[in-house]
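Residue numbers (the numbering used here): 2 to 438.
Every residue gets a Cβ at the ideal spot worked out from N, C-alpha and C, and that includes glycine.
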């Protein structure tokens, strides 16, 4: 009600003009006119199935999910999986949840494909043994359910969760391979869903440890809206796939990644903390002392590694990439000038893949303390096996300026800069340049 309560008085006093209001609403009204909303103001629900099941829409949803799934870990090249598998254990309370594979605030009637449905479609000749294995929460329902008018989820008792865990262990032992689908329900993220802990909820951690203890190969698939505490998994589970909430075609997209029909190429848009106590953790923090770039730096945390579990920009592929020949077309420029940065990227593996080439800058000194690194450019490129490509970035005022608290203005300062290019925020291929008056 802010506008209703205050705008009439502001217009009457001359503090806000009608021209300003017209400018603010013009784009919204124009969009509504283009969409025909004044002629057809109500949704045509009888057409919703045709829209939501439009093959082009479903294909776009599947591709969007494929391109956003991040491969966090893949020891001994467990992934991609072979279609020759004949007995797979699919375990986890999220493995067959159509609601939770989407996200909070999504179309209620949008049909969704679960991991179980997609896996059975991918392996029609195999036996897929599905076991929930437990529950997400132990003794409470999140308030989001009550506010939305939805019934709170039925929670398992401790005894029921123990029975499910035992079933999961039996299924794992009788399988060739285990796919664990863990994480968060959709309503555990989004509005009014902050959490004091990043731990896997309910009995999921017990389930994870018990399944790993069977000695079977394990692939962990995460459905979640925030980084979770997977520090134990990162040293005990061979392959970890971060799927976020992948949407209506999420099950298919996940299985496309798991079986190598699509080569993962996405990168983390966050630094992944080791624990809740490490939050907030972010790659572009201010430089506090010279030693913090050293491996033995402990001034931030004495009881754990100060670096995140997975760096900002991290993401693996089923192929490998090498960076070389970092070149700047000049090493000095004026504040209003530009320079070009080029780097050679080579697919050194045996299959085609996507790499997100990332460029980071650091201003060594200035009128304010500057971050240790800042992402200033990125390009997603597709390279065939053995292919090399020169990737080019242009650095100018938009990339070099920052808001100076001293001058209360955007400034490009005459200082020295470091530039790194690579596959994540730990990129080591380095050069430097300076801005002169």
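- The closest CA to that of residue 356, considering only 214, 138, 58, 265, is found on 265.
- Looking at the DSSP output, residue 233 bridges to nothing.
- For residue 391, the enclosing beta strand (DSSP E) starts and ends at 389-396.
- Using a Cβ distance threshold of 7 angstroms, residue 172 and residue 132 count as a contacting pair.
- Residue 275 sits buried, since 16 or more C-beta atoms from the chains shown fall within 10 Å of its C-beta.
- Here DSSP, grouped into helix, strand and coil, assigns residue 207 to helix.
- In the DSSP assignment, residue 64 falls within the unbroken alpha helix (DSSP H) covering 56-69.
- DSSP, reduced to helix, strand and coil, places residue 7 within a helical segment of the structure shown.
- By DSSP's assignment, residue 358 forms a beta bridge with 380.
- Excluding the 5 residues flanking it on each side, residue 365 has same chain C-beta neighbours closer than 8 angstroms at 371, 416, 417, 418, 419, in chain order.
- Taking the Cα of residue 413 as reference, the smallest distance to any Cα among 363, 136, 249 is reached at 363.
- Judged by beta-carbon spacing, residue 188 lies beyond the 7 angstroms limit of residue 162, meaning their Cβ atoms are not closer than that value.
- With respect to the 7 angstroms criterion, residue 347 and residue 391 are not classified as neighbours on the basis of their beta carbons.
- Relative to the Cα of residue 259, the nearest Cα in the group 201, 197, 182 belongs to 182.
- By the neighbour-count criterion, in which 16 or more other beta carbons inside 10 Å mark a residue as buried, residue 4 falls on the exposed side.
- The DSSP assignment places no complete alpha helix (DSSP H) segment of no fewer than 4 residues inside the stretch 308-370.
- Beta-bridge annotation (DSSP): residue 91 is paired with 131, 180.
- Under the criterion of beta carbons closer than 8 angstroms, residue 421 and residue 428 qualify as touching, at roughly 4 angstroms.
- Residue 221: member of the beta strand (DSSP E) spanning 219-224, first to last residue.
- CA-CA distance, residue 328 to residue 432, rounds to 8 angstroms.
- The beta carbon of residue 184 sits closer than 7 angstroms to the beta carbons of 95, 223, 224, 225, 229 from its chain, once the five residues preceding and following it are set aside; these are given in chain order.
- Under the three-pair Cβ rule at 8 angstroms, the stretch 244-258 does not count as touching the stretch 323-337.
- Residue 410 is bridged by DSSP to 405.
- The three-state reading of DSSP puts residue 288 in coil, since its state is none of H, G, I, E or B.
- When the five nearest sequence neighbours on each side are left out, the beta carbons in the same chain lying within less than 6 angstroms of the beta carbon of residue 243 are those of 71, 73, 223, in order along the chain.
- Under the three-state reduction of DSSP output, residue 14 falls in the helix class.
- In the structure shown, residue 72 adopts extended strand secondary structure according to DSSP, grouped into three states.
- Per DSSP, residue 257 is not a residue of any beta strand (DSSP E); the alpha helix (DSSP H) it occupies stretches across 251-259.
- Considering only 367, 378, 385, 394, the residue with the shortest C-alpha distance to residue 403 is 367.
- Between residue 369 and residue 309, the gap from beta carbon to beta carbon reaches 7 angstroms or more.
- Under the DSSP definition of a beta bridge, residue 422 partners with 360, 430.
- The C-beta distance from residue 69 to residue 247 rounds to 7 angstroms, short enough to fall under 8 angstroms.
- Distance check between residue 102 and each of 157, 118, 88, 211 places 118 closest, using alpha-carbon atoms only.
- Exclusion of the five residues before and after residue 273 leaves 228, 309, 310, 311 as the residues of its chain whose Cβ lies within less than 6 angstroms of its Cβ.
- Between the stretch 40-59 and the stretch 202-216 there are fewer than three inter-stretch CB-CB distances shorter than 8 angstroms, so the stretches are not counted as touching.
- Excluding residues up to 5 positions away in sequence, 219, 221 lie with their Cβ nearer than 6 angstroms to the Cβ of residue 238 in the same chain.
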